[in-house]
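Here is the structure we will look at, set down as structure tokens.
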Amino acid sequence: GFEEPPKDEHRIRITLSSKNVKNLEKVCADLVRGAKEKLLRVKGPVRMPTKVLKITTRKSPCGEGTNTFDHFELRVHKRVIDLVSSSEVVKQITSITIEPGVEVEVTIADP
């Protein structure tokens, strides 16, 4: 686990989610590389379970005919990265170019 960080440092959790795995992995790699260049303690990226959202609809616009269905699904991939650093350093790290379609959420826990 984590030891108690010094007073000016915080435990920071960066949560990334996206529909596109390639973009998500690229952003994860960039964040981890930036954090390691600043010599921070990094845990992750931890791969969370993929959420699969499914919708089933009738193909026919009217009620007539054989019951045929279309199945659509949306897969949401999620990664979590934990850091220990000051909030100023995290602003520098997260200022990298983030691929389109990747949601980034940063939460800071007090020491």
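Per this note's numbering, the sequence shown starts with residue 3, numbered consecutively.
C-beta atoms are modelled at their ideal positions from N, C-alpha and C, and glycine is treated no differently.
Since this is a predicted model, take the numbers as computed values, not measurements.
| query | result |
| --- | --- |
| Cα-Cα separation, E101 to K53 | 20 Å |
| First and last residue of the uninterrupted beta strand (DSSP E) at K61 | It is not in any beta strand (DSSP E) - K61 carries neither H nor E in the DSSP assignment. |
| I110 burial status per 10 Å Cβ neighbour count (16 or more: buried) | exposed |
| Test item: CB-CB of V34 and L18 under 8 Å | no |
| Proximity of S88 and E11 at Cβ, strictly below 8 Å | yes |
| Inter-residue Cα distance where the pair is L76 and T59 | 14 Å |
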